[in-house]
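Take 678 as the starting number for the sequence shown in this note's numbering and just add one per residue. As structure tokens, the structure follows; a few thoughts come after it.
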Amino acid sequence: MTTVHRIVSGMRPTGPLHLGHYFGVLQNWIQLQQEHNCYFFIADWHALTSEYGSPQNIASFVPELLIDWIAAGLDPQKSTIFRQSDIMEHAELNLLLGMITPLGWLERNPTYKEIKQELVAKDLNTFGFLGYPVLMTADILMYHATMVPVGQDQLPHLELCREIARRFNYFYGSYFPEPQAQLTESAKLPGLDGRKMSKSYGNAISLGEDLQEVRKKIMSMLTDTARQRLKDPGDPDNCNLFPYLSLVAPDENLDQIREGCTQATRGCMECKKLLAAKMEEFLTPIQAKRNELKANPDLVRSILDQGTAKAREEAQRSMHEIRDKMGMER
Ligand code: TRP
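Structure (structure tokens):
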């Protein structure tokens, strides 16, 4: 028998969802919700740790992200979907866990050090940013998660989460499960230029992108740069476009395409045209659903309300027990 996990994961609302997110993260979530008890939330407080200077951007991305999730196949009947800041209990648990989290654990966190170095333009010397993993721990432990799907960069945070859970259990009696990480395979899909797909590199295709624009982007994609002419043999493993085909057109005869490329009988233009057509097929139903949701804000609201009610009920139950364990119950 397979174990049914309690799964928690979140995404920061910092921009439109692109294909990298879809194939890296969302597809996995959509699969997990079929068998497990899933909580997926929009981590707007986490976005605020770095975007506190322009919070209005976060607010506008929240409904967008929700619409993208649902349009792509996250099912509010199966998963509990909510926004972090709607559940105040996360803030209370963050505070309580902060009491037992040694500063050294946070200061040593490699992701913390890296991001601080990368985002020099932003002042991240804040209490909130240092405490990022504590808030994340609160998100996870609140729902007694046993498994957390995350990318490589989030692994140190998850390790901290496990240590904080252990420390809580040690002080106040066994209570929290120690969640295991489910490592999301990153970069299944490179950006249009071969680097990591990211909105800030301008090499992304977003789920809601105009199809005309998508076609243009595909037509100007880099393929195998070592292949200069049609009669040169190409290498699909050194081609930027081929991974797209394997994800967006898995039903095509990829072996045959591969052979055509390596034998120099198939040109890159053919691949581009095929990808453009398949991408359109892939995006069209997602965009139809997106437009439907966009035209119906009441529906989006009610989806969020329903998830919020369910999450809140669980969070309130957890908080009673946690306060009780810590001798703080009123
Ligand atoms: N920090 C995560 C990210 O940037 C988002 C996140 C917040 C999260 N809370 C979480 C992920 C809890 C998993 C579990 O990707």
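Cβ atoms here follow ideal geometry from the backbone N, Cα and C, with glycine treated the same way.
Would the C-beta of residue i count as close to the ligand TRP, meaning under 8 angstroms from any of its heavy atoms?
i	result
VAL825	yes
ARG843	no
VAL977	no
ILE934	no
VAL685	yes
GLN831	yes
ASP800	no
ALA992	no
TYR729	no
TYR878	no
ILE817	yes
GLN710	no
HIS682	no
TYR789	no
GLN761	yes
TYR699	no
ALA720	yes
HIS723	yes
MET688	yes
Whose C-beta lies closer than 7 angstroms to the C-beta of residue i among residues of the same chain, with five residues either side of it excluded?
i	result
THR814	LEU774, LEU837, CYS838 and ILE841
GLU741	PRO693
MET824	HIS682, ILE684, PRO856, GLN857 and GLN859
CYS916	THR900 and ASP901
Alpha carbons only, please: which of the options is nearest the one belonging to residue i?
i	options	result
LEU924	ALA903, ALA953, LEU976 and GLY937	ALA953
ASN802	SER727, HIS698, MET1003 and GLN933	SER727
LYS966	ILE747, PHE738 and LYS950	ILE747
TYR809	CYS938, TRP782, GLU795 and GLU712	TRP782
CYS715	LEU812, TRP706 and PRO974	TRP706
LYS894	LYS950, GLU769 and ALA822	LYS950
LEU772	TYR878, ILE719 and GLY805	GLY805
SER897	GLY871, GLY850 and ASN786	GLY871
PHE959	GLN905, LEU884 and ASP914	LEU884
GLU990	GLN905, HIS767, LYS793 and ASP800	HIS767
VAL891	TRP722, ARG1007, TYR921 and GLU969	TYR921
ASP932	PRO913, THR778 and ILE963	PRO913
PRO690	ALA992, TYR789, GLN889 and VAL739	VAL739
Might you give, ordered along the chain, the residues of its own chain that have their beta carbon closer than 8 angstroms to the beta carbon of residue i, omitting 5 neighbours on each side?
i	result
ASN846	TYR852 and PHE853
LEU796	SER727
ALA881	HIS695, LEU696, GLY697, GLY868, LEU869, MET874 and SER875
LEU751	LEU703, TRP706, ILE707, GLN710, PHE717 and ILE758
ASN786	PRO810, PRO833, HIS834 and LEU837
GLU784	LEU807
Is it right to say residue i is buried, meaning 16 or more other beta carbons lie within 10 angstroms of its own, or is it exposed?
i	result
ALA736	exposed
ARG760	buried
LEU725	buried
SER995	buried
LYS955	buried
PHE848	exposed
TYR699	buried
TYR820	buried
PRO826	buried
MET688	buried
HIS723	buried
Keeping to the same chain, check which residues put their C-beta closer than 6 angstroms to that of residue i; ignore five residues upstream and five downstream.
i	result
ASP763	THR985
SER979	none
CYS945	THR900
ALA988	THR757, PHE759 and ILE764
ILE719	PRO690, VAL739, LEU742 and ARG760
>> Report the start-end ranges of each alpha helix (DSSP H) in the stretch 770-829 that is 4 residues or longer and not cut off at the edges.
In response: 780-784, 787-795, 804-807 and 809-819
> Which residue spans inside the stretch 847-880 form an unbroken beta strand (DSSP E) run of at least 3?
Replying inline: 857-860
> Which runs of the alpha helix (DSSP H), 4 residues or longer, sit entirely within the stretch 702-738?
Replying inline: 704-712 and 721-728
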